[in-house]
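Protein chains in written order, with this note's numbering: chain L, 1 to 517; chain A, 1001 to 1163. Where is the CB? At the ideal position from N, CA and C, for every residue including glycine. Following: one structure in structure tokens, then a few remarks.
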């Protein structure tokens, strides 16, 4: 009897996957709820196999009504053939995402059968120091945006001794923390969410390896409230992992003790900044802290703390399983390994593309993405989230590495790529960038808190045609103050989208527009 | 029409709700506020003093945390909250138009406006390849339009259960 796979990922559910699964069950079929393959324009993409691990063929964009009428066949116009042979998937190098879409995210046996725990077992067989060396050798850099080498961060934490919480007596239990930043607030990014929903054990395994490496005993995942499915799936995975001794006092029979809890965010973008996240985890307003002290030395509650993004930590198990050298052989310059790119916005084939660093933005947007969804020409692409620059179509041949993008005035950020067609008005986008900063600034630094308000006002004058030259000069000056005078990326990088819009698309700032906000 | 799904404020009950958090967690203020909101649907003003006392911090501290976070609300939520994503990836596929159309639909129908609340923009729901994205009563909607939003509202209402 065939087995049907229907994704439980929020994106697939947002297109009706639950009803499709229910319709299959009503027909007496066996249904496994897998993660999403990341070909999101096909969702709900359902798959059929003869055995649990057998080859799968798929049907895209299915609806419950279609299933109620008849089970899909190879003659259907929705038939996409063997799923893993689809060009979009076959051309990727799935490393972090190796199991996402393949396995049932909450089936621990499925996880182990598809290579889960191999990395943790290898890590537990050697010392924590040796694990830090492996991560350093792999060249893994932080995937949250800043690209800081993970091995150096881990080394710093490993060298500290565990500390009691600030304010506790010296005899109180000392701790070190692994804090995972899952506050994926950048528009155009969803890779953290899909990983947590599609392979949550991978994140837990990576956190446990990190804990062994640096001697941490507690883990927290700071997960945004906008992701209810990810919260539920990760919590279920934590419960299963505890039952199986994948978390707890004697992990896999070793002496390593480590446990993980979820902390849900409360709707603040700036809490994705690591020090604001620490403040929020400590129950306060998410106000950015000045550095030093580095979180690696004095982090959560004053204890040494590793803060890594979901994708950074999720890279770790496979590096331990397959070897640091294999990982470091991918990529270019100092951007090694794979990056999970996310194609979003006005794009025909949006979704997840995991591939080695160095692919060009154009290859991602045109070859994988298939151009715009609207069919109109691409006008602008925003790389790296709301704080990233807008690039015009003719600048898309840049290689997607930390170094090449920085040289081109862009940034890789969290790997999000948002495509706009020719209908976009870049003065509107510049205004939105400032307005977003008004909404989300934590308020600590004056250039960000007040500057963003003034930025919106000035852009409104420019858009209304008032002294365009003078106000543009004023805006540039303001952007300079924000860049130089803000503690974190919120105020410091908001000028990126604003200035790139002005510099690359000056025509949109020359003629008065109707204010739309 | 306002459907009340959340219990009425009860100080004793609220104190019992936050006591285990205060006992076991370092830095419990935000967790207490979230627990109160999860139970009551919003943060009653009485909760501020209660949490301040329990956590041994000032009311100003608790108020400061309360006002910082967009999720924390001082009024009950609408019966079927509708949130439209206002971020860039959705702007690229017509989020501004959808917002205008939705606002018009709510203006034309006061019942709809009361039922769903005035849309509070939300920045990114993580459905950026299938925009415009929306969330209706906690359920994510891809490629949203007014018709799909209304369908989702009907489905949510059909699931409404009394306390």
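- Residue 267 of chain L and residue 100 of chain L have their C-alpha atoms some 27 Å from each other.
- For residue 479 of chain L, the CB contacts under 7 Å within the same chain, skipping 5 residues up- and downstream, are 495, 498, 499 in chain order.
- For residue 1066 of chain A, no Cβ of chain L is located within less than 7 Å of the residue's own Cβ.
- Here the segment 134 to 141 of chain L does not lie against the segment 282 to 302 of chain L, with fewer than 3 beta-carbon pairs under 8 Å apart.
- At a cut-off of 3 residues, the continuous stretches assigned as beta strand (DSSP E) that sit fully inside the segment 5 to 86 of chain L are 30 to 32, 46 to 49, 57 to 59, 79 to 82.
- For residue 1077 of chain A, the secondary structure class from DSSP, reduced to helix, strand or coil, is coil.
- In this model, residue 72 of chain L and residue 1084 of chain A are separated by some 34 Å (Cα to Cα).
- A distance below 7 Å separates the beta carbons of residue 32 of chain L and residue 104 of chain L.
- Annotated three-state conformation of residue 507 of chain L is helix, per DSSP.
- Residue 1110 of chain A sits in a helix when the DSSP states are folded into three classes.
- Rounded to whole angstroms, the separation of the alpha carbons of residue 144 of chain L and residue 36 of chain L is 22 Å.
- Taking C-beta separations shorter than 7 Å and ignoring five residues to either side along the sequence, the partners of residue 1089 of chain A in its chain run 1128, 1131, following chain order.
- No residue range can be given for residue 330 of chain L, since it is assigned to no alpha helix (DSSP H) and is classified by DSSP as neither H nor E.
- Cβ neighbours of residue 116 of chain L within its own chain (closer than 6 Å, five residues either side excluded): 201.
- Take residue 433 of chain L, set aside five residues on each side of it, and the residues of its chain with a beta-carbon closer than 7 Å to its own are 386, 494, 497, 498, in chain order.
- DSSP places residue 247 of chain L outside both helix and strand once states are collapsed to three, so it counts as coil.
- Taking a 10 Å sphere around the C-beta of residue 220 of chain L, we find 16 or more other C-beta atoms and assign the residue as buried.
- DSSP links residue 308 of chain L through a beta bridge to L/180.
- Distance from the CA of residue 333 of chain L to the CA of residue 403 of chain L, rounded to the nearest whole angstrom, comes to 8 Å.
- Three or more pairs of CB atoms, one per stretch, sit closer than 8 Å, so the segment 90 to 99 of chain L contacts the segment 336 to 343 of chain L.
- The alpha-carbon of residue 91 of chain L is positioned some 30 Å away from that of residue 66 of chain L.
- Around the CB of residue 1099 of chain A, 16 or more other CB atoms lie within 10 Å, so the residue is classed as buried.
- Beta bridge pairing from DSSP links residue 1071 of chain A with no other residue.
- With respect to the 7 Å criterion, residue 1017 of chain A and residue 1044 of chain A are not classified as neighbours on the basis of their beta carbons.
- Residue 1049 of chain A does not reach chain L, its nearest Cβ partner there being about 17 Å away, counting only Cβ pairs nearer than 9 Å.
- Contact between the segment 6 to 14 of chain L and the segment 186 to 200 of chain L is present: three or more C-beta pairs spanning the two stretches fall below 8 Å.
- Close to residue 1128 of chain A, with beta-carbon spacing below 8 Å, are these residues of chain L in chain order: 187, 188, 189, 190, 342, 344, 345, 350, 416, 418.
- Take the alpha-carbon of residue 462 of chain L and the one of residue 292 of chain L: they are about 39 Å apart.
- Under a criterion of Cβ atoms nearer than 7 Å, no residue of chain A is adjacent to residue 42 of chain L; the nearest Cβ is some 11 Å distant.
- Excluding five sequence positions before and after residue 369 of chain L, the CB atoms of its chain that fall closer than 6 Å to its own CB belong to 343, 347, 349, given in chain order.
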